[in-house]
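Residue numbers (our numbering): 1454 to 1610.
All C-beta atoms, glycine included, are put in the ideal place defined by N, C-alpha and C.
Every value quoted in this text rests on a predicted model; they were computed, and no experiment measured them.
First the structure, in the form of structure tokens, and then the observations on it.
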């Protein structure tokens, strides 16, 4: 396995994004409608990673910088987006590996807190983040008023 830094609009990133959107649709009836500009993930204000095995993209994740705004973010936030492992590669620790790399990158970029939003129909995601030190936090972002939304945060200090 190897990890590559790519742009959010890289063809492999788009392929994995399509797969995660399909999974969101299966679980929630719709995909994630959060507006994402590929430039938001460009260093030093973000990062987007893809894990490859046998030249096939199998896992992904990224972060983008956020500052205090009317959607509930705080100064110094790094927002985790598009964490995804293809079903056939799950259970091997890839999500934890990518998550650690993203946390290190955000910390090195001066971010003070990693935040993420997931949903009640993704219990495996909630379990992963909780086991990695993330705690429930005040809701933020596009889905902050949705009952199924759950937001988590972890200090990067």
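- When secondary structure is reduced to three states using DSSP, residue 1541 falls in the helix class.
- Cβ-Cβ separation between residue 1604 and residue 1549: approximately 20 Å, too far for a contact (criterion under 8 Å).
- In the DSSP assignment, residue 1530 forms a beta bridge with 1519 and 1566.
- Buried is the label assigned to residue 1501, since at least 16 other Cβ atoms lie within 10 Å of its Cβ.
- Remark: C-beta atoms of residue 1597 and residue 1499 do not approach each other more closely than 8 Å.
- Around the C-beta of residue 1464, fewer than 16 other C-beta atoms lie within 10 Å, and the residue is accordingly described as exposed.
- In this structure, the alpha-carbon of residue 1575 lies about 27 Å from that of residue 1492.
- Nearest to residue 1527 by C-alpha distance, out of 1569, 1543, 1472 and 1600, is 1569.
- Taking residue 1509 as reference, the option from 1522, 1480 and 1456 with the minimal CA-CA separation is 1456.
- Only buried fits residue 1571, as 16 or more other CB atoms lie within 10 angstroms of its CB.
- Taking a contact to require three or more Cβ pairs closer than 8 Å, the stretch 1475-1484 and the stretch 1503-1517 do not qualify as touching.
- Cα atoms of residue 1521 and residue 1587: separation of roughly 20 Å, rounded to the nearest angstrom.
- Here DSSP, grouped into helix, strand and coil, assigns residue 1477 to helix.
- Rounded to the nearest angstrom, the gap between the Cα atoms of residue 1523 and residue 1590 is 16 Å.
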